[in-house]
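Visitor:
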């Protein structure tokens, strides 16, 4: 702790117990004390300067006060440098109301945090519709956070100890941080329009994000960064659960605390901030919350205490706490121990096979896979190794994938190069199994020495229709760099070959690509987009089922979205990746926001999961051929599963980009459903022409 300097943290801490217009039984009892304890942790434990922490309690936390303080203390604060850590904490009431149609909410609802002066017609407040003071909706909060991101970077942590749906729980010992005014007038479509339009106009929708990689016809978004890229969100519970106040376990009086905030602070005090990621901290929080719930149920059996599962969302959740560095190298999987038989479970992506070895982090031991399903593997100590104690928060890495190998045929002129022996040794030591083919044998890749360098040709039968052009690895590369680039190519092909031989639901899943147009309003600080026509033309043109290559025209001025449909028997989790043959990069276009939330791809007739529009947390796609070649090729991969699986490590920058640090742990969640191994993979090849 002493080696870490958090003097550059800036925080806005909000806590509301007393609401101006609510009845007494609607008031809270622990929100302000929770907020004060969070501020105390920042000031006394992390030694954040007092001027950096702004607190709003009770009547200070009005609607105007929250918005103005957010902008003045954070967004417009000249003392905050780019990438300085920023924390926004809110404890109080939340709500969920019907969203205006112009907001294009996927479920027709919007979530709000309730300021101290929010109107409440069921209480003592009976304002006219035009005078009604609504809560602050997620659309407005998203605009504020997006503006903050544009000004100060993406080292932003948002913490909400409130809930937005569910029946209220009232009582002396337990209370939910949720309040709904059933008599509230409809939310006006132009609520906070000055904020969302101001933020949206700060971006230039005709430019691309600079990702630090070469641009080779990526399916790039406009300049607005996707919602999940701007911050990490800690939420007190799932969207179907309640954020509960319970009797404080650290107090002898009748004081209350938020179950989530208490678990958060306990976890922060116990963990090593130097090595803990957001996702790692959330694992501790969930364990603390589970223990506190059990204790409260045992102590107060007369109270209607509900299940509560804290959440962590955002693509930066594998970063170290309050920093921009990632926690560990890519590929770490968390272990769950079965104390009854000295075995361990991991829930990871496909690719682990019976008999494969894994190393426990540091490494403490080697484990072998004994039972494998699509999304879960059981590991045990090999017979040759002594059983040892494995720590509670341990991680493993797969040392070798043996279920699939990449066959490479190497020109004999390359084999005599002085650096080739080292290159080959490095490739053989990587996770992907390389088989060195002999002349005349089938090969996935062929390496040929030319005057300009090493030419890599692809000869996989599945890629014949795409006809990807050869890739050149120029002369003068060091052995390490050449091995790194070839390793990236192996990674690309390994994950592209994913498939379920049974294809249980492939014919029941749909993915269309449609053209979009600018919508009438703004959402989350960016212009909204809607389908360009009621009867949208599928630009994939049925290629999902036929296996043909979709022909797309390069047009940087147009925007596109994806529509996913599900006719299976289950709601599904979905991931969409784009494999680019120009530079062997793998781009994540969509991933589920949370491992503990509901499966977003619903199996409801007429229901679609929009990607690139609506409120899915992603921006529109842009199809662009940036190379001098007449055509570029790539593949969309849609991965669906009945249970959540962490496959975020699939993504890779261009093999031509400089090597970057690891991208964090992969969380191995224990499955709770016996049918959790229902999964499938769907591919669409595309050709982009000038």
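Residue numbers (our numbering): 5 to 694.
Ideal Cβ positions, reconstructed from N, Cα and C, are used throughout, including at glycine.
(1) Restricting to Cα atoms, I'd like to know which of 613, 630, 629, 628 is closest to residue 622.
(2) Quick one: what's got a C-beta closer than 8 Å to residue 47's C-beta in the same chain, skipping five residues either side?
(3) Could you compute how far the alpha carbon of residue 447 sits from the alpha carbon of residue 238?
(4) Buried or exposed, going by whether 16 or more other CB atoms sit within 10 Å of the CB of residue 270?
(5) In chain order, what are the residue ranges of uninterrupted alpha helix (DSSP H) at least 4 long that sit wholly in the stretch 527 to 570?
(6) Please state whether DSSP places residue 282 in a helix, a strand or coil.
(7) DSSP on residue 492, reduced to helix/strand/coil?
(8) Do the stretch 83 to 99 and the stretch 589 to 609 make contact, defined as three or more Cβ pairs closer than 8 Å?
(9) Please look up how many angstroms separate the CB atoms of residue 105 and residue 65, rounded, as I've assumed it's under 8 Å.
(10) Just to confirm the assignment: which complete alpha helix (DSSP H) runs, minimum length 4, are found wholly within the stretch 409 to 476?
(11) How long is the line joining the alpha carbons of residue 63 and residue 135, rounded to whole angstroms?
(12) Near residue 153, which residues of its chain fall below 6 Å by C-beta distance, leaving aside the five closest residues on each side in sequence?
(13) With H, G and I counted as helix, E and B as strand and the rest as coil, what does DSSP make of residue 300?
(14) Beta-carbon separation of residue 682 and residue 412 under 8 Å?
(15) Note down the Cα distance separating residue 299 from residue 98, rounded to an integer number of angstroms.
(16) Counting Cβ pairs closer than 8 Å, one from the stretch 34 to 46 and one from the stretch 262 to 269, do we hit at least three?
(17) With a cut-off of 8 Å, do at least 3 Cβ pairs link the stretch 569 to 578 to the stretch 552 to 561?
(18) Report all residues from its chain with a CB closer than 7 Å to the CB of residue 86; omit the five preceding and five following residues, and keep chain order.
(19) By Cβ distance, which residues of its chain are closer than 7 Å to residue 534, with the 5 residues on each side in sequence left out?
(20) By the three-class DSSP mapping on this structure, what secondary structure does residue 71 have?
(21) According to DSSP, simplified to helix, strand and coil, what is residue 287?
(22) What three-state label does DSSP hand residue 269 in the structure shown?
(23) So is residue 390 buried or exposed if we call it buried at 16+ other beta carbons inside 10 Å?
(24) Pair every Cβ in the stretch 483 to 501 with every Cβ in the stretch 623 to 635, then say whether three or more of these pairs are closer than 8 Å.
(25) Does the separation of the CB atoms of residue 587 and residue 659 fall below 8 Å?
(26) My guess is that residue 568 and residue 515 are in contact by the Cβ rule of under 8 Å, so how many angstroms apart are they, rounded?
(27) Kindly indicate which residue of 84, 640, 329, 163 has the alpha-carbon position closest to the one of residue 96.
(28) Three Cβ pairs or more, each shorter than 8 Å: is that satisfied between the stretch 413 to 423 and the stretch 448 to 462?
(29) Please state if the CB of residue 581 and the CB of residue 648 are separated by a distance shorter than 8 Å.
(30) State buried or exposed for residue 605, treating a residue as buried only when at least 16 other CB atoms are found within 10 Å of its CB.
(31) I think residue 252 touches residue 304, with their Cβ atoms under 8 Å apart; what is that distance to the nearest whole Å?
(32) So, under 8 Å CB-CB, residue 254 and residue 281 are touching, yes? Tell me the CB distance rounded to an integer number of Å.
(33) Tell me the rounded alpha-carbon separation between residue 272 and residue 319.
(34) Measure the alpha-carbon distance for residue 288 versus residue 277 and round it to whole angstroms.
(35) Sorted by chain position, which residues of the same chain lie with C-beta nearer than 6 Å to residue 636's C-beta, five sequence neighbours on each side aside?
(36) Quick check: what's the CA-CA separation for residue 20 versus residue 511?
Guide: Once the coordinates are examined:
(1) 613
(2) 54, 57
(3) 47 Å
(4) buried
(5) Restricted to the stretch 527 to 570, the alpha helix (DSSP H) segments that are unbroken, complete and at least 4 residues in length are 547 to 550, listed in chain order.
(6) helix
(7) Residue 492: helix per DSSP, three-state reduction.
(8) no
(9) Actually they are not in contact, since the Cβ atoms of residue 105 and residue 65 sit about 30 Å apart, beyond 8 Å.
(10) 416 to 419, 424 to 432
(11) 19 Å
(12) 234
(13) helix
(14) no
(15) 25 Å
(16) yes
(17) no
(18) 156, 157
(19) 108, 520, 521, 523, 617
(20) helix
(21) helix
(22) Of the three classes helix, strand and coil, the one that applies to residue 269 here is helix, per DSSP.
(23) Classification of residue 390: exposed, given that the 10 Å Cβ count is below 16.
(24) no
(25) yes
(26) 5 Å
(27) Considering only alpha carbons, the answer is 163.
(28) yes
(29) In this structure, residue 648 lies away from residue 581, with their beta-carbon atoms at least 8 Å apart.
(30) buried
(31) About 13 Å separates the two Cβ atoms, so there is no contact after all.
(32) Not really, about 26 Å apart at Cβ, beyond 8 Å.
(33) 21 Å
(34) 13 Å
(35) Within the same chain, residue 636 has close Cβ partners 221, 586, 629, 692.
(36) Roughly 51 Å between the two C-alpha positions.
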